[in-house]
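J.: Quick one: structure below, then a few questions.
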Amino acid sequence: MSRPPQRAAGLGALADLGFRGLDNDVLDPVIVTGFHASRTHKLTPGQKTANRVLAVGRAPVEHGFAHLKNWRILTKLRTDPARTPTSCAPCSF
58 MSRPPQRAAG
68 LGALADLGFR
78 GLDNDVLDPV
88 IVTGFHASRT
98 HKLTPGQKTA
108 NRVLAVGRAP
118 VEHGFAHLKN
128 WRILTKLRTD
138 PARTPTSCAP
148 CSF
């Protein structure tokens, strides 16, 4: 499996459980996803707290992307990257 490019740049990312397994380096994680519960494996109180802290860190970013989608800025970015507004330049991918 390839290593995330963020590691080489010294960056990290907070992600939801959809990205679980993308970065399996336990000692130096670049992509932090939180803990997953199942019917047979319940989360400990510490794991629930860690998930809450992670959600609090991700919420402003999720809200920012929701606003960009409502303003249709991301649609313009996907169809013509040359029309990217300067306020959206850091989020271009």
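Each residue of the sequence shown is one higher than the last, beginning at 58 in our numbering.
Here a beta-carbon is modelled for each residue, glycine too, at the ideal position from N, C-alpha and C.
Predicted, not measured: the structure shown is a model, and the values here were computed from it.
Can you give me the start and stop residues for the alpha helix (DSSP H) that ALA94 sits inside?
T.: Looking at the DSSP string, ALA94 is not in any alpha helix (DSSP H), and its letter there is neither H nor E.
J.: Please state the DSSP three-state secondary structure of VAL118.
T.: If DSSP states are grouped into helix, strand and coil, VAL118 belongs with the helices.
J.: Which of helix, strand or coil does DSSP assign to ALA72?
T.: Coil, per DSSP.
J.: Give me the residue from VAL87, ALA116, VAL110 with the minimum Cα distance to ALA66.
T.: Of the candidates VAL87, ALA116, VAL110, the one whose C-alpha sits nearest the C-alpha of ALA66 is VAL87.
J.: Counting only the same chain and skipping the five closest in sequence on each side, list residues whose C-beta sits under 8 Å from that of LEU74.
T.: Closer than 8 Å at Cβ, skipping near neighbours: THR90, GLY91, HIS93.
J.: Run the CB neighbour count on ASP80, radius 10 Å, all protein chains shown included, and call it buried at 16 or more, exposed below.
T.: Under this definition ASP80 is a buried residue.
J.: Among the residues of its own chain, which have a CB less than 7 Å from the CB of THR106, if the five just before and after it don't count?
T.: Nothing listed; no residue qualifies.
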